[in-house]
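Asker: Positions in the sequence shown are counted from 1; adding 2 to them yields the working numbering.
Each residue gets a CB set at the ideal place from its N, CA and C atoms; glycine is no exception.
Values in this document were obtained by computation on a predicted structure and should not be read as measured data.
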Amino acid sequence: MPSASPELASPVSTVDSGLDLAAWRRTIHGLYRQVREATDLAAAHDLWRRTRDELFATNPVTPLLPEDRPVFTGLPTAPYDPAWRFEVPITPAEPHRMTVTTGTDGDVPFDRVGLVDVPGVGSLDVWRLRSYGGGLFVPVGDALAGKPGGTYGGGRYLVDTVKGADLGPGSEPGSIVLDFNFAYNPSCAYDPAWACPLAQPGNRVAVEIPVGERYHGAH
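#1: How big is the Cα-Cα spacing for GLY137 and ASP162?
#2: Can you give me the Cβ contacts of PRO78 inside the same chain, cut-off strictly under 8 Å, excluding the 5 residues immediately before and after it?
#3: Decide yes or no for the touch test of the segment 190-205 against the segment 151-160: beta carbon pairs closer than 8 Å, at least 3 of them.
#4: For PHE139, write down the residues that DSSP places opposite it in a beta bridge.
#5: Who are the Cβ neighbours of VAL213 in its own chain at under 6 Å, not counting the five residues just before and after it?
#6: Note down the Cα distance separating SER177 from GLU69, rounded to an integer number of angstroms.
#7: THR91 bridges to which residues according to DSSP?
#8: Taking only the alpha-carbon atoms, compute the straight-line gap between GLY166 and PHE139 and give it to the nearest angstrom.
#9: Give the range of the alpha helix (DSSP H) segment to which ASP55 is assigned.
#10: Output the boundary residues of the beta strand (DSSP E) element that contains LEU117.
#11: With DSSP as the reference, label MET3 as helix, strand or coil.
#12: Taking C-beta to C-beta, are VAL115 and VAL102 nearer than 9 Å?
#13: Considering only the beta carbon of each residue, do VAL90 and ASP113 sit closer than 9 Å?
#14: Leaving aside the five residues before and after GLU210 along the sequence, list all residues of the same chain whose C-beta is less than 7 Å from its C-beta, in chain order.
#15: Within 10 angstroms of the Cβ of PRO188, are there 16 or more other Cβ atoms? Answer buried if so, exposed if not.
#16: To the nearest angstrom, how far is it from the Cα of ALA24 to the Cα of ALA191?
#17: Among the residues of its own chain, which have a CB less than 7 Å from the CB of ALA6, if the five just before and after it don't count?
#18: Using DSSP's beta-bridge definition, name the partner residues of VAL207.
#19: Could you give the residue range of the beta strand (DSSP E) that holds VAL102?
#20: Quick one: Cα of LEU57 to Cα of VAL179, how far?
#21: Between ALA46 and GLN36, is the Cβ-Cβ spacing less than 9 Å?
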């Protein structure tokens, strides 16, 4: 994808694929707006799952490998569990820069702007993308990462505002909504040609997070 996104390198290059990517982004932005406005979170989560399944199955810029597309039946996603939704304040943290090296965009910097302490889960760094588009970024790698039938070894994304993955602020000033039911795999989980920032030590937790998108692949 273009450098406005943390998923920074992909095979997308033609005019048609650029339009397909724009359609994907519009769909995701609209989807998260509907989720933020929903009062029935289980129904909103089902909409999120079904919409993403349709995008993966039908949009030409799907990250699925060509050989995986004919047999795709949906992303492995756990049922909604409200116990995994949190509103947490972002607290100050010592500044730190993470640089992601990509094949097409060079070295792309992320600055740590704070952290969140999630009850029963642990602390997660909050990052800001320091390039065109900006945005907040919160990945997470849990104790199931890399295990058979578990979650993607490189971690999943909770917040990626530049791409629309944003459940909004919490009810208190300076807080954000983190709902692990909406954790999803980066594109490189499906196609190694993509370059994605992975969960660093400050975004790894020792607990199992059984909700959100799971991982049954081989990449």
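Answerer: According to the data block:
#1: 7 Å
#2: GLU215, ARG216, TYR217 and HIS218
#3: yes
#4: TRP129 and ASP162
#5: ALA80, ASP83, TRP86, PHE182 and ASN183
#6: 42 Å
#7: According to the sequence as given, residue 91 is Pro; it is not Thr. Looking at the DSSP assignment, PRO91 forms a beta bridge with SER177.
#8: 11 Å
#9: 43-60
#10: 109-120
#11: Confidence in MET3 is poor, its pLDDT being 35 and thus under 50, which makes the residue's placement too unreliable to answer from.
#12: no
#13: no
#14: ASP144, ALA145 and LEU146
#15: buried
#16: 21 Å
#17: Because ALA6 sits at a pLDDT of 36, beneath the cut-off of 50, its placement in the model cannot be relied upon, and the point is left open.
#18: DSSP output for VAL207 lists no bridge partner at all.
#19: 99-103
#20: 24 Å
#21: yes
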